[in-house]
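I have placed the structure first, in the form of structure tokens, so that the comments after it can refer back to it.
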Amino acid sequence: MLAKNSPLHYVSYAQIPQLHVGGYYDQEDLNGPQLMYRHMEKKDRDNYNHIVLGPWNHGQWARGKGDSLGKISFGSSTSYWFQALQKNDSISGSKGSETETLKKPIVFKPDQINGKLISHGLQKAP
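Under this note's numbering, the very last position in the sequence shown is 467; numbers go up by exactly one each time.
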């Protein structure tokens, strides 16, 4: 029954800018943002379909610093990183504001050496 109600059956392409946000530790819907992004990307002629993935639980990107999850420290404020990215004009669809920033999926990836967090990087998916 749940699959019948999936938005995948009702939405085929982005008519306005869309930003799908997913968390690696999302206890509510781990794969939903990726599935919807992939589904809509097939027909995205206007570069309206975007996705950002990061080390968050459900909605953590929108509240607090996002610098940890329980005892796991990310070494930086990942929520603030996302919120700064979200303010980018290229998401809003303003004419002439399209940048390279969101043309490919954006993935927050902590950089580590010998298990020690040294910085965080912004990695674009291939």
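No residue lacks a Cβ here, since even glycine has one placed at the ideal position from N, Cα and C.
- Within the model, the alpha-carbon separation for Gln375 versus Tyr389 is close to 15 Å.
- Take the alpha-carbon of Ser418 and the one of Asp408: they are about 4 Å apart.
- Unbroken beta strand (DSSP E) runs of no fewer than 3 residues, entirely contained in the region 350-435, are found at 359-364, 390-395, following chain order.
- By the Cβ neighbour-count rule, Tyr378 is buried, with 16 or more other Cβ atoms within 10 Å of its own.
- Asp387 is classed as exposed because its beta carbon has fewer than 16 other beta carbons within 10 Å across all chains shown.
- CA-to-CA, the gap between Gly395 and Pro348 works out to about 23 Å.
- Taking Val448 as reference, the option from Met381, Gln359, Ser353, His391 with the minimal CA-CA separation is His391.
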